[in-house]
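This report refers to the structure that appears directly beneath it.
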Amino acid sequence: MNKNELIQVTIEDMSTNGEGIGHADGCTLFVSHALIGDEVTARITRPKKSYAYARCEKILTPSPDRVEAVCPEARRCGGCTLQEMSYTAQLAYKASQVENALKRIGEVEAPNMLPIVGMEDPFRYRNKAQYPIGRDREGNITAGFYAAHTHAVIPAGDCFLTPEIFNEIVGAFLHFMKEYRISVYDEKTGKGFVRHLLIRKGFATGEILVCPVVNGRKMPHPDALIDALALIPGVKSICVNTNTERSNVILGKKVTTLYGDPYITDILQGEAKDLKPLTFRISPLSFYQVNPTQTVKLYGQALEAAGLTGNEIVYDLYCGIGTISLFLAQRAKAVYGIEIVPDAIRDAKENAARNGITNAHFYTGAAEEMICSGQFSDGTSLPHADVIVVDPPRKGCAESLLSAILQMQPEKIVYVSCNPATLARDVKKLCGEGTYTMEYARPFDLFPQSTHVETVCSLHRIEKKNS
Numbered sequence: 182m183n184k185n186e187l188i189q190v191t192i193e194d195m196s197t198n199g200e201g202i203g204h205a206d207g208c209t210l211f212v213s214h215a216l217i218g219d220e221v222t223a224r225i226t227r228p229k230k231s232y233a234y235a236r237c238e239k240i241l242t243p244s245p246d247r248v249e250a251v252c253p254e255a256r257r258c259g260g261c262t263l264q265e266m267s268y269t270a271q272l273a274y275k276a277s278q279v280e281n282a283l284k285r286i287g288e289v290e291a292p293n294m295l296p297i298v299g300m301e302d303p304f305r306y307r308n309k310a311q312y313p314i315g316r317d318r319e320g321n322i323t324a325g326f327y328a329a330h331t332h333a334v335i336p337a338g339d340c341f342l343t344p345e346i347f348n349e350i351v352g353a354f355l356h357f358m359k360e361y362r363i364s365v366y367d368e369k370t371g372k373g374f375v376r377h378l379l380i381r382k383g384f385a386t387g388e389i390l391v392c393p394v395v396n397g398r399k400m401p402h403p404d405a406l407i408d409a410l411a412l413i414p415g416v417k418s419i420c421v422n423t424n425t426e427r428s429n430v431i432l433g434k435k436v437t438t439l440y441g442d443p444y445i446t447d448i449l450q451g452e453a454k455d456l457k458p459l460t461f462r463i464s465p466l467s468f469y470q471v472n473p474t475q476t477v478k479l480y481g482q483a484l485e486a487a488g489l490t491g492n493e494i495v496y497d498l499y500c501g502i503g504t505i506s507l508f509l510a511q512r513a514k515a516v517y518g519i520e521i522v523p524d525a526i527r528d529a530k531e532n533a534a535r536n537g538i539t540n541a542h543f544y545t546g547a548a549e550e551m552i553c554s555g556q557f558s559d560g561t562s563l564p565h566a567d568v569i570v571v572d573p574p575r576k577g578c579a580e581s582l583l584s585a586i587l588q589m590q591p592e593k594i595v596y597v598s599c600n601p602a603t604l605a606r607d608v609k610k611l612c613g614e615g616t617y618t619m620e621y622a623r624p625f626d627l628f629p630q631s632t633h634v635e636t637v638c639s640l641h642r643i644e645k646k647n648s
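So the mapping is simple: this note's numbering equals the position in the sequence shown, first residue as 1, plus 181.
Laid out in structure tokens, this is it:
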């Protein structure tokens with residue numbers, strides 16, 4: 182096949198990236214913006230030897246799962262890959278991604294899949310947005326999101342994944358930039374001032390934090406910026422993040438507070454009656470799940486999988502700012518959280534103190550190093566864990582950590598995953614030696630309209646019978 186060639190194809194499957202998969206002339210086609218059941222005309226964009234990437238040019242016969250996108254920029258923007266798919270079909274697609282990975286990669290023959298947990302309203306769920314600042318074709322300053330596979334800024338307009346108040350904040354900030362002729366950062370030259378605009382909202386408290394990310398030490402006309410933003414309902418904190426590095430990393434390490442506190446707060450209320458509401462402090466650099474409605478359900482499932490009675494020692498590995506740890510601590514004897522990011526551990530300790538939780542202890546360092554050495558970072562010995570909870574990044578757990586967990590042999594392992602492929606790989610390792618069995622896996626949709634899916638996987642130690 183040749184570049185720009187037009188091919189008629191029926192879509193039979195979908196990739197993990199949300200591309201439609203079809204076949205023509207003995208070649209596999211990966212077609213963007215095509216759904217299972219679509220018959221389309223596709224234009225070849227990147228031909229390879231036995232497969233090719235293509236772009237959907239025309240829908241000849243639509244899939245029964247096809248719907249009209251709510252956002253007019255859904256195809257150009259890189260955030261909402263699945264917005265043209267009905268929400269019921271989105272959930273089925275995500276559940277199948279988890280099940281197929283467990284079968285194919287994890288070698289679990291018949292995984293026990295609990296129904297995926299979706300949302301009643303799969304829009305306006307994000308409590309955080311990071312808008313790149315750029316210029317449109319006419320040279321006007323704009324804010325939005327990157328087009329798929331590029332760093333071209335698509336003007337946000339009204340993003341249907343974020344609270345409507347974010348639109349007012351973006352508009353006020355762009356007006357401030359234009360009025361005071363503040364320059365836009367250029368990735369190619371490394372010159373210019375404003376790179377991004379970060380906005381965070383506590384859904385339970387209504388508090389909003391606004392933080393421009395700048396290529397410089399000081400924000401010019403800070404009083405005017407405060408005047409532009411502080412009267413917008415909910416704005417409690419205005420900060421400036423300094424990032425002078427020539428990289429794609431959005432946030433730098435230095436944050437300066439211009440108005441209010443250097444943080445906002447939010448509250449997570451567990452669904453079980455014995456769980457008290459937990460208050461968390463959120464700064465520009467804090468990791469905090471972007472979908473609080475689904476986060477509570479995800480953590481509730483992890484807590485249920487742990488099966489705590491009040492007598493257990495629990496390890497929470499990759500604990501972040503301690504969100505799961507503090508839920509677990511309400512039912513455990515003691516929880517030990519381990520995280521490699523020092524700022525996250527500082528926040529975790531502050532969150533524990535803020536909520537009056539004294540049986541959660543936090544340590545900075547690599548989880549695999551501590552578990553393998555048998556010592557916390559302060560030199561004290563690790564007690565035996567009854568339950569280990571892991572919530573790793575997309576790359577999954579280090580193999581050395583999995584080996585150390587197998588050596589420790591806790592009664593239960595609760596694996597919270599954001600990547601079905603690495604989840605399945607690690608489940609294969611944990612269950613491959615006959616010590617553990619997978620009780621169930623349950624997917625959660627924390628990112629509707631995108632291909633991402635979270636999963637809680639429950640593993641139990643197999644009791645060995647005396648021969």
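Note that CB positions come from ideal geometry on N, CA and C, so glycine has one too.
I believe residue i touches residue j by the beta-carbon criterion, under 8 Å. Please report the beta-carbon distance rounded to the nearest angstrom.
i	j	result
Ile264	Cys252	Residue identity check: residue 264 is Gln in the sequence provided, not Ile. Indeed they touch by this definition, with Cβ atoms about 6 Å apart.
Arg623	Val608	Wrong, their Cβ atoms sit about 14 Å apart, outside the cutoff.
Tyr440	Ser464	Not quite, the Cβ-Cβ distance comes to about 14 Å (not below 8 Å), so this is no contact.
Ile314	His377	6 Å
Thr222	Leu210	Between Leu210 and Thr222 the Cβ distance is about 11 Å, and since that is not below 8 Å, they are no contact.
Cys261	Ser598	Cys261 to Ser598, Cβ: 22 Å. No contact.
Leu283	Val289	5 Å
Where DSSP assigns a beta bridge to residue i, which residues make up the other side?
i	result
Ile419	Val391 and Tyr440
His377	Pro313 and Val394
Ile346	Answer is none; Ile346 lacks a bridge partner.
Cys638	Tyr596 and Ala622
Thr191	Glu220
Val522	DSSP output for Val522 lists no bridge partner at all.
Gln556	Ser562
Cys208	Ala205
Pro228	Ala233
May I have the straight-line CA-CA distance separating residue i from residue j, to the nearest angstrom?
i	j	result
Phe384	Ile521	28 Å
Ala273	Cys420	41 Å
Thr476	Lys184	43 Å
Ser648	Glu614	Residue confidence is low: Ser648 scores 43 on pLDDT, short of 50, so the model does not pin down where it sits. No coordinate-derived value is stated.
Glu349	Val391	12 Å
Lys372	Ser428	13 Å
Asn422	Arg307	21 Å
Lys514	Tyr617	23 Å
Phe468	Ala525	7 Å
Ile569	Tyr596	8 Å
Lys478	Arg606	25 Å
Phe354	Pro473	26 Å
Met589	Asp559	20 Å
Cys532	Val571	Going by the sequence as given, residue 532 is Asn instead of Cys. The alpha-carbon atoms of Asn532 and Val571 are separated by roughly 20 Å.
Ala585	Arg247	47 Å
Lys417	Pro458	21 Å
Thr504	Gly320	43 Å
Arg527	Ile502	8 Å
Gly433	Ala529	21 Å
Glu360	Ile346	21 Å
Lys309	His330	21 Å
Arg642	Glu592	5 Å
Cys208	Asp219	18 Å
Phe326	Ser231	33 Å
Pro573	Arg362	43 Å
Gln189	Ala205	8 Å
Ser196	Glu452	34 Å
Glu676	Ala276	Because residue 676 is not part of the residues shown, which for the chain are 182 to 648, the question remains open.
Ala547	Ala337	38 Å
Which residue wins for smallest C-alpha separation from residue i, given the options the options?
i	options	result
Phe461	Gln450, Thr474, Leu479 and Thr446	Thr446
Ala483	Phe468, Leu507, Ala328 and Gly415	Leu507
Thr545	Glu531, Ser562, Thr539 and Gly518	Gly518
Val334	Asp404, Cys258 and Val289	Cys258
Lys454	Gln511, Val495, Leu432 and Ile413	Gln511
Lys369	Glu426, Cys340, Gly338 and Ser231	Glu426
Cys237	Ser244, Gly218 and His214	His214
Gly555	Leu582, Asn536, Pro574 and Cys261	Leu582
Pro414	Asp408, Glu388, Ala250 and Glu254	Glu388
Ser650	Ala566, Cys612, Leu627 and Phe628	This structure does not reach residue 650, given that the chain is present from 182 up to 648, and the question cannot be answered.
Leu498	Tyr621, Ala579 and Val471	Ala579
His542	Val495, Cys553, Glu550 and Thr323	Val495
Arg577	Arg256, Leu563 and Asn600	The question names Arg, yet the displayed sequence has Gly at residue 577. It is Asn600.
Cys456	Lys435, Tyr480, Val471 and Leu466	Here residue 456 is Leu; the residue named in the question, Cys, does not match the sequence. Measuring from the Cα of Leu456, the nearest candidate turns out to be Tyr480.
Asn536	Ile448, Ile594, Arg575 and Ser562	Ile448
Pro243	Met358, Ser267 and Arg316	Ser267
Comparing the CB of residue i with every heavy atom of the ligand MN, is any distance shorter than 7 Å?
i	result
Asp219	The ligand content of the structure shown is nil, which means the ligand MN is not present either.
Worksheet entry | Continuous alpha helix (DSSP H) assignments of at least 4 residues falling wholly in the segment 590-617 | Restricting attention to alpha helix (DSSP H) runs no shorter than 4 residues, the segment 590-617 encloses them at 601-612, ordered along the chain.
Fill in: In chain order, each alpha helix (DSSP H) run of at least 4 residues that lies wholly inside the segment 425-498
List check, alpha helix (DSSP H) in window: 473-487.
Practice prompt. Report the residue ranges of all beta strand (DSSP E) runs contained in full by the segment 280-329; include only those spanning at least 3 residues, in chain order.
Written response: 309-316 and 322-327
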